[in-house]
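S.K.: Line by line, the protein sequences are chains A and B.
Counted from 1, the first sequence has number 287 at position 287 by full-length UniProt numbering; the numbering is strictly sequential.
Counted from 1, the second sequence has number 333 at position 333 by full-length UniProt numbering; the numbering is strictly sequential.
There are 2 protein chains.
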Amino acid sequence: MFGRGSTDDKGPVLGWLNVLEAHHALRIELPVNLRFCFEGLEEDGSQGLDDLIVTETSKGPQGWFHGVDCVCISDNYWLNTRTPCLTYGLRGIAYYQIIVSGPGSDLHSGMGGAVYEPMTTLISLMGKLVSVEGRILIPGVYDGISVADSSELQKYQDLDYSVADLEKVAGGPISLSDDKATVLMGRTREPSLSLHGIEGAYSGAGGKTVIPATVSGKFSLRLVPPQTPDDITKKVVSFIEDEFAKLKTKLKMKVEFVGGGKPWVADTNHWSYEAAKRATETVWGKTPNYTREGGSIPVTLTFADNLGVNVLLLPMGRADDGAHSTNEKLDISNFLNGTKLLGTYLYEVANINSDK
Amino acid sequence: MFGRGSTDDKGPVLGWLNVLEAHHALRIELPVNLRFCFEGLEEDGSQGLDDLIVTETSKGPQGWFHGVDCVCISDNYWLNTRTPCLTYGLRGIAYYQIIVSGPGSDLHSGMGGAVYEPMTTLISLMGKLVSVEGRILIPGVYDGISVADSSELQKYQDLDYSVADLEKVAGGPISLSDDKATVLMGRTREPSLSLHGIEGAYSGAGGKTVIPATVSGKFSLRLVPPQTPDDITKKVVSFIEDEFAKLKTKLKMKVEFVGGGKPWVADTNHWSYEAAKRATETVWGKTPNYTREGGSIPVTLTFADNLGVNVLLLPMGRADDGAHSTNEKLDISNFLNGTKLLGTYLYEVANINSDK
């Protein structure tokens, strides 16, 4: 089924509605109490959703989410095209720009050799942030991040996933490692730093002999626990200011925090994950991959922090669905089994809790 | 007199026409024979002008430029706002882009930490080209460039020019040196390397969490004798390819030569320069600055190479005219005295040659 939003996120929303519709048509009682929160603005920054959650929580017993025992969100994808997954972690993000200025306006490069040029200093600073192998060079950035022990490493090795899967998604043989656990951990349980571009410099085709007057280099870090945007910002700003001072130019420089969000990791031993695992095995006949995602879904953390309950990401679609892209699709088998999975999950939640 | 093109280059063209008109009105014979070449497309790359010069030269005695003994071009400016100048040198240029690719399409930075990112490699390569103090780091680039001897250094010291003049034009206190000779030589008799920008990366305001798939870093060198674009291109390509190989990424890289032109320096002992000096002293009451420019006027070299004669750049406007900018202007005193200067120059050319 092709169409913008088919997998992200109309398909999963319909899946939940299908479950309700089936129970209503068959006049069967739902196995658990449900509170729905449908969100239509997630791709536009979820305007107002965080406020809604905070407000409803603050209402106490009158709030919409009062009494909720766990949260289940369907807004992600399998790691590959074969194996269902449960997602228990998302990286956070901290986005910055380094602004270097000096000339009163853009200069002709005939002035080159007479003045300090903002681009040269900016490129020098951006080049100190991360190695070509992806190692972040800002001191203290890795502080407190746990090293995966052998049992965690084994979990990554056991995932039904290969470096070829990654390179298919990337569109080229550009994996940082040939070891799948290393690659997966690099993408999901380690922080990363990407250089996105430069505002104010020449960005067109061909050539222009300009010395740009003010340039803003954009970069962001993806964060993992215990990193927070606040903590990382201190380290980023301090490092760049020190490096800029060492350059001893006559230019001006400032580092700005553009925005960010904390990382999130859930306890997979919680009954909600166990229910989702059993439901997956029933519907798909496979034990799910337990995955962390490299990206961010900020509302996940808002639910976890405000409701104080376990959050599970239970996806419907596959890695090759092409969310946000042309020809976005959702396979019919994923839609049908995904609907069954969501329904079965509710029964497993009821079963597990009645066992207690 | 304010208006686009007032100083670059309508004013100087009118100056020459004024000289002709005055002689015609007064029915006075011109002191020398003249061939005019008026150019209206210089700001659009002088389409066809090089071809015209080559074609006319190849016609021999029937060619328009046959018998021309020297060339005088009025398309530049004083070094400051006080002192007329004769310009005897222009830097050449060699423009390049470094193209780094790998992913099949732009990736979400949630993939960060798993793949080699073109931007990281490009920024690393661009950071190896030039120091923040403007020293070009490409081996062999300075080969063969003469060191200024004490008499040449003295010429720069004697110029009516200050670091404050430069910083006024630059719009900020960003001079690479506090010594005016060092600054002027850096801008005109030394090569320079400027980083212009990046095509394909994010260049907008705010933030975008993209890992760009293919990025092209633009930079150019300003050249001085004996540098040529051909020679410099070999050194640039070889250096960047070596540095890229050292990075050992899985990405692809190529260096492209976008375009260029050779530097030009004229013999200031030629009688055309002597005539221009005498005319300047007569009209302005000042000995002119002898200057080299940091930029390029490619047709200068085309005239010098094809006609095989001395070329002089004899300007009308000032450093603060704001050529190519809003509120471009030409001072009335520069227009009137500039017209007199061009006329007087013709008489001095005749005098000097009749002395011989």
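All C-beta atoms, glycine included, are put in the ideal place defined by N, C-alpha and C.
Flag Lys235 of chain A as yes if its beta-carbon sits less than 9 Å from any beta-carbon of chain B, otherwise no.
M.R.: Not closer than 9 Å to any Cβ of chain B, the Cβ of Lys235 of chain A fails to qualify, so no.
S.K.: Taking 9 Å as the threshold (C-beta atoms), are Ser46 of chain A and Pro298 of chain A in contact?
M.R.: In this structure, Ser46 of chain A lies closer than 9 Å to Pro298 of chain A by Cβ.
S.K.: Should Ser105 of chain A go down as buried or exposed, given a rule of 16 or more other Cβ atoms within 10 Å for buried?
M.R.: Answer is exposed; the Cβ neighbour count stays below 16.
S.K.: What number of angstroms, rounded off, separates the C-alpha of Ile145 of chain B from the C-alpha of Thr121 of chain A?
M.R.: Each residue's alpha carbon lies about 26 Å from the other.
S.K.: Could you have a look at Gln97 of chain B and say whether DSSP puts it in helix, strand or coil?
M.R.: Correct three-state label for Gln97 of chain B: strand.
S.K.: If you draw a straight line from the C-alpha of Asn310 of chain B to the C-alpha of Asn269 of chain B, how long is it?
M.R.: Going by the C-alpha atoms only, they are around 10 Å apart.
S.K.: So which residues of chain A does Gly112 of chain B contact, with C-beta pairs closer than 9 Å?
M.R.: Within 9 Å Cβ-Cβ: Arg91, Gly134, Gly186, Arg187, Pro191, Ser192, Leu193, Ser194, Ser220, Leu221, Arg222, Gly294.
S.K.: Counting only C-beta atoms, is Thr291 of chain B closer than 9 Å to chain A at any point?
M.R.: No, Thr291 of chain B lies away from the interface with chain A (no Cβ there is under 9 Å from its Cβ).
S.K.: How would you call Leu312 of chain A, buried or exposed, if buried means at least 16 neighbouring beta carbons within 10 angstroms?
M.R.: It is buried - the Cβ of Leu312 of chain A has at least 16 other Cβ atoms within 10 Å.
S.K.: Less than 6 Å between C-beta atoms, sequence neighbours within five positions excluded: which residues of the same chain meet that for Glu56 of chain B?
M.R.: So the qualifying residues of the chain are Gly63, Trp64, Phe65.
S.K.: Using CA atoms only, rank isn't needed, just tell me which of A:Leu251, A:Glu43, A:His196, A:Ser272 is closest to Pro173 of chain B.
M.R.: Here the closest residue by C-alpha is A:Leu251.
S.K.: Would Ala280 of chain B and Leu341 of chain B be called neighbours here (beta carbons separated by less than 9 Å)?
M.R.: It should be pointed out that residue 280 of chain B corresponds to Thr in this sequence rather than to Ala. It is a contact, given that the beta carbons lie within the stated cut-off.
S.K.: How is His66 of chain A classed by DSSP in three states: helix, strand or coil?
M.R.: Coil, per DSSP.
S.K.: Have a look at Pro118 of chain B and Ser109 of chain A and give me their C-alpha separation to the nearest angstrom.
M.R.: About 26 Å.
S.K.: Report the rounded CA-to-CA distance for Thr326 of chain A versus Gly3 of chain A, giving the unit in angstroms.
M.R.: Straight-line Cα distance between these residues: approximately 8 Å.
S.K.: Please list the residues of the segment 115 to 126 of chain B that have a C-beta atom closer than 7 Å to any C-beta atom in chain A, keeping them in chain order.
M.R.: Those residues of the segment 115 to 126 of chain B that come within reach of chain A (Cβ to Cβ, closer than 7 Å) are Val115, Tyr116, Glu117, Met119, Thr120, Thr121, Ile123, Ser124, Met126.
S.K.: So, does the segment 202 to 221 of chain A touch the segment 239 to 250 of chain A, judging by three or more C-beta pairs under 8 Å?
M.R.: These segments do not touch.
S.K.: Does the separation of the CB atoms of Arg292 of chain A and Tyr77 of chain A fall below 9 Å?
M.R.: Cβ atoms of Arg292 of chain A and Tyr77 of chain A: not closer than 9 Å.
S.K.: Given a cut-off of 9 Å, decide if Tyr95 of chain A and Ala266 of chain A are closer than it, judged by their beta-carbon atoms.
M.R.: Cβ atoms of Ala266 of chain A and Tyr95 of chain A: not closer than 9 Å.
S.K.: Residue range of the beta strand (DSSP E) that Val311 of chain B falls in?
M.R.: Run containing Val311 of chain B: 310 to 313, per the beta strand (DSSP E) assignment.
S.K.: On a CA-only basis, which of A:Arg91, A:Leu79, A:Cys85, A:Phe38 is nearest residue 358 of chain A? Give me that one, please.
M.R.: The structure shown does not extend to residue 358 of chain A, since chain A is modelled only from 1 to 356, so the question has no answer here.
S.K.: For residue 368 of chain B, which option in B:Asp231, B:Asp321, B:Arg35 has the closest C-alpha, if you only look at C-alpha atoms?
M.R.: Nothing in the structure corresponds to residue 368 of chain B, since chain B is present only between 1 and 356.
S.K.: Where do the ends of the alpha helix (DSSP H) carrying Leu26 of chain B lie?
M.R.: Looking at the DSSP string, the run of the alpha helix (DSSP H) that includes Leu26 of chain B is 11 to 26.
S.K.: Since Gly186 of chain B and Leu193 of chain B should fall inside the 8 Å C-beta cutoff, what is the C-beta to C-beta distance between them, to a whole number of angstroms?
M.R.: Contact doesn't hold; Cβ gap of about 12 Å is too wide.
S.K.: Does Val349 of chain B have its Cβ less than 9 Å from a Cβ in chain A?
M.R.: No - not a single Cβ of chain A is within 9 Å of the one on Val349 of chain B.
S.K.: Give me the chain A residues within the contact set of Pro180 of chain B, using Cβ-Cβ distance strictly less than 7 Å, ordered along the chain.
M.R.: Here residue 180 of chain B is Lys; the residue named in the question, Pro, does not match the sequence. What Lys180 of chain B touches in chain A: nothing, since even the nearest Cβ is about 10 Å away.
S.K.: Write down the C-beta distance between Val215 of chain B and Val100 of chain B rounded to the nearest angstrom, noting that I regard them as a contact closer than 8 Å.
M.R.: Right, their Cβ atoms sit about 6 Å apart.
S.K.: Taking buried to mean at least 16 other C-beta atoms within 10 Å of its own C-beta, is Asp331 of chain A buried or exposed?
M.R.: Burial call: buried.
S.K.: Establish whether the CB of Gln157 of chain B and some CB of chain A are separated by less than 9 Å.
M.R.: No, its Cβ sits nowhere closer than 9 Å to a Cβ of chain A.
S.K.: Beta-carbon of Tyr142 of chain A versus every beta-carbon of chain B: anything under 9 Å?
M.R.: No, Tyr142 of chain A lies away from the interface with chain B (no Cβ there is under 9 Å from its Cβ).
S.K.: DSSP three-state label for Phe244 of chain B, please.
M.R.: Helix, per DSSP.
S.K.: Mind listing the chain A neighbours of Tyr95 of chain B? Cutoff is C-beta to C-beta under 8 Å, in chain order.
M.R.: Here the neighbours are Gly207, Thr209.
S.K.: With H, G and I counted as helix, E and B as strand and the rest as coil, what does DSSP make of Trp271 of chain B?
M.R.: Correct three-state label for Trp271 of chain B: helix.
S.K.: Please give the ranges of any beta strand (DSSP E) in the UniProt domain "Peptidase M20 dimerisation" (88 to 245) of chain A, keeping only runs that are unbroken, at least 3 residues long and fully inside the region.
M.R.: Within the UniProt domain "Peptidase M20 dimerisation" (88 to 245) of chain A, the complete beta strand (DSSP E) runs of at least 3 residues are 92 to 101, 192 to 199, 214 to 223.
S.K.: For Lys250 of chain A, decide whether its Cβ has a neighbour in chain B, counting only Cβ atoms nearer than 9 Å.
M.R.: With 9 Å as the cut-off, Lys250 of chain A counts as an interface residue toward chain B.
S.K.: Can you tell me whether Asp8 of chain B is buried or exposed? The criterion is at least 16 other CB atoms within 10 Å of its CB, across all chains shown.
M.R.: Asp8 of chain B comes out buried.
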